[in-house]
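Every number in the numbering used here is 1269 more than the matching position in the sequence shown, counting from 1.
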Amino acid sequence: MRRLRELFFTPNGQPRLLAPALVAVVLTFAIGWAALRSVQQVLPDDERAAALARTGKFALAEQIYVRLLREKPGVTTAIALIENHERGKTVTLLKRSGRSETREPDSQDAVMTDEALDELLDKTLAPEAATVARFWRALEKQAVPSELHEAMVAGASKDPPLAWYNHALAREAVRQHDLDEAAKRYEREGLAYPERHEDVDRALLIWMETDAWDHVRERMQDARVASSVEPMTKYQYAVHERDWKRAAKWLALGWRPRFKLPSLVMTAVAALAWGFFCARLGKLGEKPLRRSIFYLVAFVLGVLSVVPTVCLIAVEEAQLRLVATGDATRDILFYVFGVGLREEASKLLLFAPLLVVLRKWGDKLDVLVCGAMVGLGFAAEENLGYLAGGDLHTGLGRFLTANFLHMAMTAILAASLDDFVSDREKHAADFSRTTVMVVVMHGGYDFLLSHEEFGGAYFAMAVFFFLVKMFLAAVDHARRKADRGLTLTQAFVLAVAVVTGTSAVYAVAAVGPAHGALVMTEGLLGVAILVYAFVRTLRDM
């Protein structure tokens, strides 16, 4: 116990920040990495091979793919093997270029030779599948023999078509910029083989991108097409048709793919870390049962605030055509009056019923912390979308900073709303001013993240200097006397450290140590700015 105290406090009682933060980051990474490795050992072989490939272990992934191909020959495994082979070969060449030209790459890093792969595919696959594999390999090399192409076209034209033939030809058409041909091929493949219905989505999205809306409308009348399409594709169609009710329905149903194990675990860890900070902020130990219930209900309400947000998105996009266009002047309006306004309004709407209870059985501090927990609940749901979106750079950057952003903004608005309800005449102007400032900061943050030409994420982090000052002013007004134990700053730094360690595990597992560090650079800068702003502001206060 004494050593633990020495970790957090100096001999004269001053709180330490750096040492606890470093220990938290290292422990979080070590525990997370050990858990990840244990999970990888029990994953299905195809998922384990994909995980190894994401971390740059192409030779190990290849061994699994080869075994799977021999045990159960199929085009899916063959394509995964081919693509892993090409990526592994590229990495090997890059490594070799950094060494002596005569030095061979390490055998444990090298994938098999092209000749060995071709021989394996021909010996293992059935003739029809082997044709697809050869075509896929030739397409990668940009050298498709005419007789091979003719064989693919013949197989794709059969009724029913041979599996994967239209898909492979569609891939070729995309590379040749023949998008209409690609869309037709994708649709034919997806309708012939329901297990690959995502090809129907690919077809419709191509037609949408090329503004062939009359054709999209015609195809959506086909029951086979409509039943095969994913909700988010239907959402885009409903938006174009200005049908906001259907748009809201399909957007809500499109939320399902967010619930994947890695993103769920990361989101849960972040929620617990920031929940710990809120517990220290709200002096949970003084009224543990009552405040635990308050905080849990607030978090759930924050998650549920996505419902009105989805409805507002549908109305804005389908009826008002309020969308990001790439034009800076229009986009600043979209991010402020679209994104910022709808999200803050939705969170405050869900917080409002809880305020009635808090004014009767809670105090000013409970209002502030419950507002933060509503923001955390919204951020948790949003994190699932960022992490499932596939853009690792954006996902991790927002994951590292957006949790506190939503917590602080909703807490500020909650405290201001409480003042307004207490005395409407006295605080009406303050509430309006606070709401406008929060919405503008929120919109500005998102706008800068989306427009690198204006400084991107680096300038977006400037929002935190204003946000932290407003947040800590509200904390100072509500919290007053500090309690014993960890300081508020220590709780804040520990929460940031745990989230950072979790992000590091995710990044390294996804793209390896070197690239993982690279994609986290921007997010880590945001973390550094956030911590500096918090510590500096609290010290000045």
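Built from N, CA and C at the ideal position, the CB exists for glycine as well. Here the structure is a predicted model, which is why all the values come from computation and not from measurement.
inquiry  = Spatial neighbours of Arg1368 within its chain, please: C-beta separation below 7 Å, excluding the five flanking residues on both sides.
reply    = Here the question's residue 1368 lines up with position 99 in the sequence shown. For Arg1368, the predicted structure reports a pLDDT of 48, less than 50, and the residue's modelled location is therefore unreliable. The matter cannot be settled from this model.
query = Looking only at C-alpha atoms, which of Pro1284, Ala1432 and Leu1305 sits nearest to Pro1396?
reply = On the sequence shown, residue 1396 is found 127 positions in, with the first residue counted as 1. The candidate whose alpha carbon is nearest that of Pro1396 is Ala1432.
task = Would you mind sorting Asp1391 into buried or exposed? The rule is 16 or more other CB atoms within 10 Å of its CB.
result = Counting from 1 along the sequence shown, the entry for residue 1391 is found at position 122. Exposed.
task = Going by DSSP, name the residue or residues bridged to Pro1284.
result = Your numbering for residue 1284 matches position 15 in the sequence shown. In DSSP, Pro1284 forms a bridge with Phe1278.
Spatial distance of Asp1688 from Leu1634 (CA atoms) = Counting from one through the sequence shown, the residue named residue 1688 turns up at place 419. Counting from one through the sequence shown, the residue named residue 1634 turns up at place 365. Cα to Cα, the separation comes out at about 12 Å.
key: Three-state secondary structure assigned by DSSP to Ala1537   = To locate residue 1537, count along the sequence shown from 1; it is residue 268. When secondary structure is reduced to three states using DSSP, Ala1537 falls in the helix class.
Reduced DSSP category for Trp1519 - H, G, I as helix; E, B as strand; rest coil = Translated into positions along the sequence shown, residue 1519 becomes position 250. Helix at Trp1519.
query = Between Thr1663, Arg1549 and Arg1702, which lies nearest to Ser1685 when the distance is taken from Cα to Cα?
reply = Here residue 1685 refers to the residue found at position 416 when the sequence shown is read from its first residue. When each option's Cα is compared against that of Ser1685, the closest is Arg1702.
task = Would you kindly work out how many angstroms separate the C-alpha atoms of Ala1349 and Ala1451, rounded to a whole number?
result = Within the sequence shown, the letter at position 80 stands for residue 1349. Within the sequence shown, the letter at position 182 stands for residue 1451. Going by the C-alpha atoms only, they are around 21 Å apart.
task = For Lys1738, collect the residues of the same chain with a Cβ closer than 6 Å to its Cβ; drop the 5 residues on either side in sequence, then sort them by chain order.
result = Numbered from its first residue, the sequence shown carries residue 1738 at position 469. Closer than 6 Å at the Cβ level, and outside the excluded window around Lys1738, lie Thr1806.
ask   = Does DSSP classify Glu1419 as helix, strand or coil?
value = Taking the sequence shown and counting its residues from 1, one reaches residue 1419 at position 150. When secondary structure is reduced to three states using DSSP, Glu1419 falls in the helix class.
Assigned secondary structure, Gly1754 (DSSP; H/G/I helix, E/B strand, else coil) = Within the sequence shown, residue 1754 is the residue found at index 485, counting from 1. In this structure, DSSP gives Gly1754 a state outside helix and strand, which the three-state scheme calls coil.
message = Less than 9 Å between the C-beta atoms of Leu1581 and Ser1615, yes or no?
response = Sequence index remark: in the sequence shown, residue 1581 carries index 312 (1-based). Sequence index remark: in the sequence shown, residue 1615 carries index 346 (1-based). Yes. Within cutoff.
Range of the contiguous alpha helix (DSSP H) that encloses Leu1653 = Position 384 of the sequence shown, counting from 1, holds the residue named residue 1653. Bounds of the alpha helix (DSSP H) holding Leu1653 are Lys1633 to Ala1657.
request  = Over the uninterrupted alpha helix (DSSP H) stretch that includes Asp1391, give me the two end residues.
outcome  = Start at 1 with the first residue of the sequence shown, and residue 1391 comes out as number 122. From DSSP, the alpha helix (DSSP H) with Asp1391 extends over Asp1383 to Thr1393.
request  = Determine the DSSP secondary structure at Phe1620, reduced to helix, strand or coil.
outcome  = Position 351 of the sequence shown, counted from the start, is the residue given in the question as residue 1620. Looking at Phe1620 - three-state DSSP - the assignment turns out to be helix.
Reduced DSSP category for Pro1463 - H, G, I as helix; E, B as strand; rest coil = On the sequence shown, position 194 is the one that residue 1463 refers to. In the structure shown, the three-state DSSP call for Pro1463 is helix.
message = Taking the alpha-carbon of Thr1769 as reference, which of Ile1475, Ala1779, Val1796 and Phe1761 has the nearest alpha-carbon?
response = The count along the sequence shown starts at 1 and reaches residue 1769 at position 500. It is Val1796.
key: alpha helix (DSSP H) segment containing Met1730, residue limits   = Counting from 1 along the sequence shown, the entry for residue 1730 is found at position 461. Neither: Met1730 is in no alpha helix (DSSP H) and is coded neither H nor E.
request  = Could you tell me whether the region 1567–1587 touches the region 1503–1518, using the rule of 3 or more Cβ pairs below 8 Å?
outcome  = Yes, they touch.
Pair within 9 Å by beta-carbon distance, Thr1790 and Ala1539 = For this step, residue 1790 is matched to residue 521 along the sequence shown. For this step, residue 1539 is matched to residue 270 along the sequence shown. Cβ distance not < 9 Å, so Thr1790 and Ala1539 don't count as in contact.
task = Tell me where the alpha helix (DSSP H) around Lys1503 begins and ends.
result = Here the question's residue 1503 lines up with position 234 in the sequence shown. In the DSSP annotation of this structure, the continuous segment of the alpha helix (DSSP H) that includes Lys1503 starts and ends at Pro1500 to His1509.
key: Which of helix, strand or coil DSSP assigns to Arg1590   = Mapped onto the sequence shown, residue 1590 falls at position 321. Here Arg1590 sits in coil by DSSP.
ask   = So, are the CB atoms of Asp1480 and Ser1497 less than 9 Å apart?
value = By 1-based counting over the sequence shown, the position of residue 1480 is 211. By 1-based counting over the sequence shown, the position of residue 1497 is 228. No, the Cβ-Cβ distance between Asp1480 and Ser1497 is not below 9 Å.
inquiry  = Between which two residues does the alpha helix (DSSP H) holding Asp1715 run?
reply    = In the sequence shown, counting from the first residue as 1, residue 1715 sits at position 446. Its alpha helix (DSSP H) spans residues Arg1693 to Ser1719.
ask   = Are Leu1624 and Val1636 touching if we call contact CB-CB under 9 Å?
value = Against the sequence shown, residue 1624 aligns to sequence position 355. Against the sequence shown, residue 1636 aligns to sequence position 367. Cβ distance < 9 Å, so Leu1624 and Val1636 count as in contact.
task = Would you kindly report the start and end of the unbroken alpha helix (DSSP H) that includes Tyr1334?
result = As a position in the sequence shown, residue 1334 is number 65, starting the count at 1. Note, Tyr1334: alpha helix (DSSP H), Phe1327 to Glu1340.
Rounded Cβ spacing between Ala1766 and Ala1290 (contact assumed at less than 8 Å) = Looking up residue 1766 in the sequence shown gives position 497. Looking up residue 1290 in the sequence shown gives position 21. Yes, Ala1766 and Ala1290 are in contact; Cβ-Cβ is about 4 Å, under 8 Å.
request  = Below 8 Å on the Cβ atoms is my guess for Tyr1564 versus Met1642; work out the distance and round it to an integer in Å.
outcome  = For the purposes of this step, residue 1564 is identified with residue 295 of the sequence shown, where counting begins at 1. For the purposes of this step, residue 1642 is identified with residue 373 of the sequence shown, where counting begins at 1. That pair is a contact at about 5 Å.
query = With distances taken between CB atoms, is the gap from Leu1674 to Phe1733 smaller than 9 Å?
reply = The sequence position of residue 1674 within the sequence shown is 405, counting from 1. The sequence position of residue 1733 within the sequence shown is 464, counting from 1. Cβ atoms of Leu1674 and Phe1733: closer than 9 Å.
key: Spatial distance of Phe1803 from Gln1445 (CA atoms)   = As a first step, residue 1803 must be located in the sequence shown, where it is residue number 534. As a first step, residue 1445 must be located in the sequence shown, where it is residue number 176. So the alpha carbons of these two residues sit roughly 53 Å apart.
message = Using CA atoms only, rank isn't needed, just tell me which of Thr1758, Cys1639 and Leu1669 is closest to Ala1680.
response = Translated into positions along the sequence shown, residue 1680 becomes position 411. Checked all of Thr1758, Cys1639 and Leu1669; the closest Cα to Ala1680 is Cys1639.
key: Ala1330 vs Ala1318 beta-carbon contact at 9 Å   = Residue 1330 sits at position 61 when you count from the first residue of the sequence shown. Residue 1318 sits at position 49 when you count from the first residue of the sequence shown. Their beta carbons are under 9 Å apart, which means Ala1330 touches Ala1318 by this criterion.
task = Mind listing, in chain order, the continuous alpha helix (DSSP H) runs of no fewer than 4 residues lying wholly within the region 1737–1810?
result = Complete alpha helix (DSSP H) runs here, min 4: 1757–1809.
For Thr1598 and Val1744, the rounded distance between their alpha carbons = For the purposes of this step, residue 1744 is taken as the residue at position 475 of the sequence shown. For the purposes of this step, residue 1598 is taken as the residue at position 329 of the sequence shown. The straight-line gap separating the alpha-carbon atoms of Val1744 and Thr1598 is approximately 35 Å.
message = Ala1288 and Leu1296 - do their beta-carbons sit closer together than 9 Å?
response = Indexing the sequence shown from 1 puts residue 1296 at position 27. Indexing the sequence shown from 1 puts residue 1288 at position 19. Result no, Cβ atoms of Leu1296 and Ala1288 do not sit closer than 9 Å.
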